[in-house]
Amino acid sequence: MADSNSTAEQITSEVQEALEKQIASLKREINKINRSLADRADDLAEQTNGFLDLASDRASRAAEQLRSRAHSVSEAVKENPGTVSSAMLIGGAVGLLVGLLIGQAESRRR
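All residue numbers for the sequence shown refer to our numbering, where the first residue is -9 and numbers rise by one.
Written as structure tokens, this is what we have:
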């Protein structure tokens, strides 16, 4: 009986030791995976920052160009108010004519 008790304790001890080794191995693997994920997250953060910087630069340049063009248009209007009002009047007249033509075409269909 003592012999079977000793054998059971030995088997239990061996199983426990094997499980502890497996757990230690799994912990090492998890640590490797965590480091790999952290490195990948750092790489993605750097890429994202690069994209954001690029987008910010492009938006700044586009805004500056828009300001410049708006200023040019504003100056042209100040220098030639008659030309601008004539262009708007002609544009309005063309729009009115197009609207009338479309209205007549619709009434003829009915």
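Glycine included, C-beta positions come from ideal geometry on N, C-alpha and C. Keep in mind the model is a prediction, meaning the values are calculated, not measured.
Output yes or no for whether 7 Å exceeds the beta carbon distance between V141 and V84. Outside the shown range of the chain, which is -9 to 100, sits residue 141, and nothing can be said about it.
Could you give the DSSP three-state label for N24: helix, strand or coil? N24 falls in the helix class under three-state DSSP.
Can you grab the Cα-Cα spacing for the pair G40 / D29, in whole Å? 17 Å
Where N70 falls: helix, strand or coil (DSSP): coil
Alpha carbon to alpha carbon, how far is E7 from R25? Give it in angstroms, no decimals. 27 Å
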